[in-house]
Amino acid sequence: MEHLVDVKNLSINYGPKTVVHDVSFTVDEGEILAIVGESGSGKSTILKAIMQMPGFGVCASKGTMYFEDRDLLKMTKREMINIRGTKMGAIFQNPSAALNPIRKIGIQFWETLNSHKRISKKAAYAQVLSIFERLNLKNGTRILNAYPYQLSGGMNQRVAIALSMIMAPKLLLADEPTSALDVTTQAQVVDELLRLKNEFHTSIILVTHNIGVAAKLADKTMIMYQGKVVDYGPSQEVLKNPQNAYSRMLLDSIPQIKTENPSAPSHGKKLLEVKELCKTYGKGKHTFQAVKYVNFQLSEGEILGIVGESGSGKSTIVKQLIRLEKPSHGSIQMGELELSTLKEREFSKIYANMQMIFQNAVGSFDSHMKIRTSITEAIRNMTQLRNSNEINALIDDLMVKVGLTPEMADRFPHELSGGQCQRAAVARALALKPKILICDEATSALDVSAQAQVVKLLQRLGKEMNIAIIFICHDLALVSEICHRVIVMKNGSCVEAGITSEVISNPKEHYTRNLLSSILTVE
Amino acid sequence: MDKVKKRFLFFSIVSLIIIIFSLIAPYLTPNDPYETNVLLGKLAPCKSYPFGTDSLGRCVLSRVMVGAKTSIFSALVLVFITFAFGTLIGIISGYFGGIFDSILMRFVDILLAFPSMVLAIAVAGILGGGLINAMLALGLTAWTTYARLARSHVLAIKEEDFIKAAKINGSSKTAIMFKHLLPNIIGPLVVNATVQIGSTMMGIAGLSFLGLGVQVPHAEWGSMVSEARTCFQLAPWTVFGPGIAIIITIMIFNCFGDSVQNILDPKHKAKG
Amino acid sequence: MFSFISKRLLQLIPIILGVTFMTFTLLYLAPGDPAQSRLLAQGTVVSDEALESTRESMGLNEPFLVQYWNWLKGLLTSDFGTSYHDDQPVMIKLQRAAIPTIQLTFFSMLITLLISVPLGILMAIKQNKWIDNFIRLLTFIGTSIPNFMISLLLIYVVCLKLKLLPVVTSGTYKGLILPVITLVIMQSSKFIRQVRAEILEQMDKEYVLSARVRGVKESTLLFKNVLHNSMITIITIFGLSVGTLLAGTAVIETIFSWPGLGKLVIDSISYRDYPVIQGFVVIMATVYVLINLFTDICYKILDPRVG
C-alpha cells in the first residue's frame, strides 16, 4: 500500500452540475491534509464524496478514489457501511450535530460500539474512558452521564471527536470542525486533533476556510478555488511560497497581528461619551448582567475596536447605543444630547447621525425588496429628498462609491454575494451621511478576500468622509490591523482598553494575552 | 414548469371552476329546488330527477346545486375573515409584545382550552340555528390559529437584521409591520388558510347536520344529509346526492391546499 | 418532577377560571329568558307570576357577577345546577352520559394509536414507495370525508347492504363497533400523516446523519433514537387530537343513538336546557386541559431539556 488515500482525477457532480473538477491528492498514514478555500470552492464536496453517504446528493462522475488500495467508488453499499465508522470517522461544523440531543452521551457511545461488535455497557464505558484519557478529556464519567445540551460547544466538539475515534479509524474526515467555536476553544480542538495524529497515528483530511488552523495542523495543504485545485503540496511550501496568484491573494487577505497601527487622527471632536453602561436581562433570581459598567468615548474619524468572544457583551453595548436595546443603567452622551433616556420617538432622529451594519449582510435587507427599494426607504424616511430622480442618482453615486455598479442596486439581496451585499449595506448607511458607523461583526461571515475588501472600504470611507467607526469583532488580528483604539471585553466587563498598538504589544491582562496566543497565524 | 407548479395550477383551476359553478348553478337547475310534491316523494334517480327526489318530492340534484353556493361560500368567507382578523391581531401582538400581548395570549389560551367543535356546538346551540350563528361559533376559535401562527413568526422574524435595519433607517412601527413583517410571514398563513378551507366546510356541514347551522327548507349539503337520514333505508340517494357533493368538494379544496403548501413551503415538499 | 407538576397545576387555575367565566357569560348573553326557557322546558304555562317567582328562585335578579359566583361555588361542590328539562341534577345526567362516551373514546384512541404509529413508521421507511403512496391516498380520502358521512356510509355498507349488524344497537358492545370505526377512520387519517411527517423530519436531522457515518445500526437508530425523539411531538399531537375526538362524538353519538355526552348535549340544545350545556362545556374543557397537562408531563419525561 503506497498511500492510505489516493485520489486521482476526481470530478464530482451535484445534480447535473460539476462542482469539483479533476482533483488528485494523496494522504499517508498519520498525515494531515488540509483542504482550504473560500465558500463555493468545492472543498466540503470532496469530503462528502469520500464518505459516499446516500442523501448528500453528490456523486463522483470521473476518476478513482482508493482507500487502502481499494476503490471506494467500486464498493457496494454494504462494504461502504462497514468501512464507515470502523475505518473512517467524520466530524462536522456544528458541534451539537453529532449527538442525539436528548439522550445521554454514554448510551450513544455504547450504541456505536455495539453496532460494530457486541459489547456490554460496562465494557464499553471502560473503553470510552480510556480514550477520553488519551485525548486529555477530564471528568469522563460526568461526560458520559451528561446530555449533549449540558455541555459547551467546544466540549461537544471534543466529545464528537472522541466518538468518531471510538472504533479507532485510520482516517478522520473533519469538515470545518472549529468554525463555530470561539478562538480560545478553537485552540483546544486544534490541540485535540494534533493529539489524534500523535497518539493514534490517525490520518486526517481537514476542510477549513481558516488558513491559520491549516498552517498549525496540516502536513500538506491543498488550496481550492471554484472547484479546482490551485495549489497543492507540503504546507510549508504552499503557505510560505504560493505559486498561484489566487493563493497569494488569499494569503495576503488574512489579517495579521500588527503592533504598529495607523495613528488616530489627531484630536478630533468628541462625538460620543459612554459612562457606566449596564444591561441586565430578566428579573429576580434569573437576572443576567450582559454588560457591566462599561466606559469609553469616541472621537471624529477614529476607528474603535471592541473585541471579545461570544457572550462577552460586545454586541449588547452597541445595540444599546443605537437603541435596539434599552440601556439598564448609565449614560450615553452625544454632544449635548443624553441618548439613554431619550424617548423612542425622538430617538429616530439620532439614526441620521448614527448608522449600523450587521453580520448577516444578506439578512439585513428585506428579501422581498430590491436593494434600491430598501435604500430609497431609508432616504425617504430620514432625509428631505423626495424627488425620485434625485434619490436614484444619489443611490447610483453611493453604489459606485462602495465599489459596486449602479445596476446592482436593482437586484434582490440574495442575488448578490455576501461581500457585495455588505457593500450595499454600507451604501445604505452612508446615504444618511452619518457621523458614526457601527459595524457589528460586519466582516465575520465573509470570506477572507471579501473581508479584506470590505475592511479596506471602511477604512477609506472613514478617512474620506471623517466618519467614526465602532468595529465589533472577535478577531483580534483584524482589529489590530485597522483600529486606532481597542476595548477587550470578557463576560460583560471591559478587561483592557487603550491604543491598539500598546494593547497588542504589551497586554496587561491575562485574558488579553490568552486571546493573543490563541490566534493561529500562518507563520 | 415542474410538477409542483403544474399541480398547483391544475387544482386552482378546478377550485375556481367549482366556485364559479356554485355561483351560476342556481340558474341551471333542472327543477325547482323548493317545490314539494308528496306524490313524487322518494323517487329513485331517473331522467327528469337525475339524483332522485327526497321525501317531500323535491329534486335532489336541484337542491344540491342550489346548496353549493351556501356550503362553499360560507366556508370561504369564514376562512377569509378569520385569516385576516387573526393575522392582524397576531402581528400586532407579536410586534408590540407587552401587556396587550400577555392579555391576548391568556385569552387565546382560554379559548384553546375548549375543544373547538365543543365550543362551536355550545355557541351555535345557545345562539340558535342559522348560518351566520354557525359561522360565528366556528370563527370564535378559528382565528386563534392564525393569531398564534402570525405571532410566532413575527417573534422569530422581528429579531432579524433587516427589521433592525428598517428601524435604524427610520421606518415607523406601522411601516415595519405592514411593509416588512407582513410580506415575510404571509406565506405560511396563506398555506394554513387554504388547508383550512376543507375542514371549515366540514365544520359548517357538521353543525348544519346537527341542526345548528342552516335551517330547513333552505338547501345546504349538511342539513340535506341530516334531513334525508330519516329515509336513508328507503331512499339512500337522498343522502348520497349531497353527501358525495360535499366529499368531492372537500377533496378538491384539500388538494388545492396541499398544492399551495407544496409551492409555498419547500421544506414540506421534500417530505411529500 | 413534583414541583413541575404542581407548577403546571397552578397554571391551570386561571385557565379553568377563564373557561368557566366564558361559559357563564355566553349563556348569560344568550337570547331568551332562562326562566321562560325553564318553564317551557318543563311544559308549564308561562304566566307573569310564574316567571317572576322562577326568576327569584333561580337567582336571576342578582347582579351578573353574583350569579357567576354562585354558579362557580356550585361547581366547586360538583353542583352543576338542575336540568330545566326534567329537574334532575345536571351532575347526575353528565355522569350517566360520561361512561358511554369514555368507552367510545377509549377504544377509538387505543385503536387509532395501534394503527397509526406502526403505519406512520412504515410509510416513513418506505418513503415514496407504493405502500407509502397507497396509504397516503387512503388517509387523504379519510381526511376529506365529514364524520357524519363516514358514519352513514358505514351504516349503508355494513348494516343495509351486508347486513352484518343491526342499524339500532343502542347501548350494547355491538353498538360500539361502528362508532369506534368511524372515529378511528377520522382520527387515524390525520394521525398517520403526522406520525410519518414527524419521523421523516427526525430522520433529516444531523445527528442521524453522523450516527450513520459512525456505522450505528439502522434498527438502533430508528427505534432508540428517531422514534424516541419523534414520540415527544407525537404525544403532543395525540393529546391535541383528543379535542377533535371529543367533539366528533357529538355527531357520531347522535347518528348511532349512543347515549353519551355528545348526544346529551345535542338533545339538551333542542330543549334549550342551558345548565346541561354549561356543565358539558365546562367538563369537556377541563378534561381537555388535563389531557394537555398529561402530555406536558410526558414531554418532560421524554425531553430532558424542558425545564
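Residue numbers (UniProt numbering), protein chains in the order written: chain A, 1 to 523; chain B, 1 to 272; chain C, 1 to 307. A virtual CB, placed ideally from N, CA and C, is assigned to each residue, including glycine.
Locate the alpha helix (DSSP H) running through residue i, then write down its first and last residues.
| i | result |
| --- | --- |
| Leu171(A) | Element bounds for Leu171(A): not the alpha helix (DSSP H) but the beta strand (DSSP E), Leu171 to Asp175. |
| His116(A) | Ile105 to His116 |
| Glu206(C) | Glu206 to Val213 |
| Cys421(A) | Gly418 to Leu430 |
Using a Cβ-Cβ cut-off of 9 Å, state whether residue i counts as contacting chain C.
| i | result |
| --- | --- |
| Val123(B) | yes |
| Gly57(A) | no |
| Tyr281(A) | no |
| Gln233(B) | yes |
| Phe83(B) | no |
Do you know how far the Cα of residue j is from the Cα of residue i?
| i | j | result |
| --- | --- | --- |
| Leu302(C) | Val216(C) | 22 Å |
| Lys490(A) | Cys473(A) | 13 Å |
| Asp2(B) | Val260(B) | 14 Å |
| Leu112(B) | Pro259(C) | 27 Å |
| Ser12(B) | Asn254(B) | 11 Å |
| Leu71(B) | Ser22(B) | Before going on, a small fix: residue 71(B) reads as Ser here, not Leu. Using only the alpha carbons, I get a separation of about 9 Å. |
| Ser219(C) | Thr249(B) | 42 Å |
| Leu137(C) | Met109(C) | 22 Å |
| Gly15(A) | Gln93(A) | 23 Å |
| Lys326(A) | Phe347(A) | 11 Å |
| residue 525(A) | Gln420(A) | Nothing in the structure corresponds to residue 525(A), since chain A is present only between 1 and 523. |
Here's a check: name, in chain order, each residue in its chain whose Cβ is nearer than 8 Å to the Cβ of residue i, leaving out the five neighbours to either side.
| i | result |
| --- | --- |
| Arg380(A) | Arg386 and Ile391 |
| Asn61(C) | Arg55 |
| Asp234(B) | In the sequence under discussion, the amino acid at residue 234(B) is Leu, which differs from the Asp named in the question. Correct list, in chain order: Lys42. |
| Asp28(A) | His3, Leu4 and Ser203 |
| Thr280(A) | Thr287, Phe288, Gln289, Ala290, Ser328 and His329 |
With a threshold of 9 Å between beta-carbons, can residue i be considered close to chain A, or not?
| i | result |
| --- | --- |
| Asn254(B) | no |
| Ile125(C) | no |
| Asp161(B) | yes |
| Lys179(B) | yes |
| Arg196(C) | no |
| Ser210(C) | yes |
| Gly170(B) | yes |
Using 10 angstroms around the beta-carbon of residue i, count the other beta-carbons present and answer buried if the total reaches 16, otherwise exposed.
| i | result |
| --- | --- |
| Phe24(C) | buried |
| residue 275(B) | In this structure chain B extends from 1 to 272, so residue 275(B) is not present and cannot be described. |
| Trp110(A) | buried |
| Thr512(A) | buried |
| Ser53(C) | exposed |
| Trp221(B) | buried |
| Phe51(B) | buried |
| Leu339(A) | buried |
| Ser280(C) | Note that residue 280(C) is Phe in the sequence shown here, rather than Ser. With 16 or more other Cβ atoms within 10 Å, it is buried. |
| Gly335(A) | exposed |
| Cys59(B) | buried |
What are the start and end residues of the beta strand (DSSP E) that includes residue i?
| i | result |
| --- | --- |
| Cys473(A) | Ala468 to Cys473 |
| Asn21(A) | The question names Asn, but residue 21(A) is His in the sequence shown. It spans Lys17 to Val27 - the beta strand (DSSP E) in which His21(A) sits, taken as one unbroken run. |
| Asp6(A) | Val5 to Tyr14 |
| Gln297(A) | Phe288 to Ser299 |
| Asp231(A) | Lys228 to Pro234 |
Could you pull out every residue in the same chain whose Cβ sits closer than 6 Å to the Cβ of residue i, ignoring the five residues on either side in sequence?
| i | result |
| --- | --- |
| Ala427(A) | Leu398, Met399 and Val402 |
| Gly305(A) | Phe471, Val479, Cys483 and Val486 |
| Leu171(A) | Met88 and Ser203 |
| Gly57(B) | Thr36, Asn37, Val38, Leu40 and Gly41 |
Is there a Cβ from chain B that is less than 9 Å from the Cβ of residue i?
| i | result |
| --- | --- |
| Arg411(A) | no |
| Pro259(C) | no |
| Leu153(C) | yes |
| Asn381(A) | yes |
| Met399(A) | no |
| Met1(C) | no |
In chain order, what residues of the same chain lie with their CB nearer than 7 Å to the CB of residue i, ignoring the 5 residues before and after it?
| i | result |
| --- | --- |
| Lys319(A) | Glu325 |
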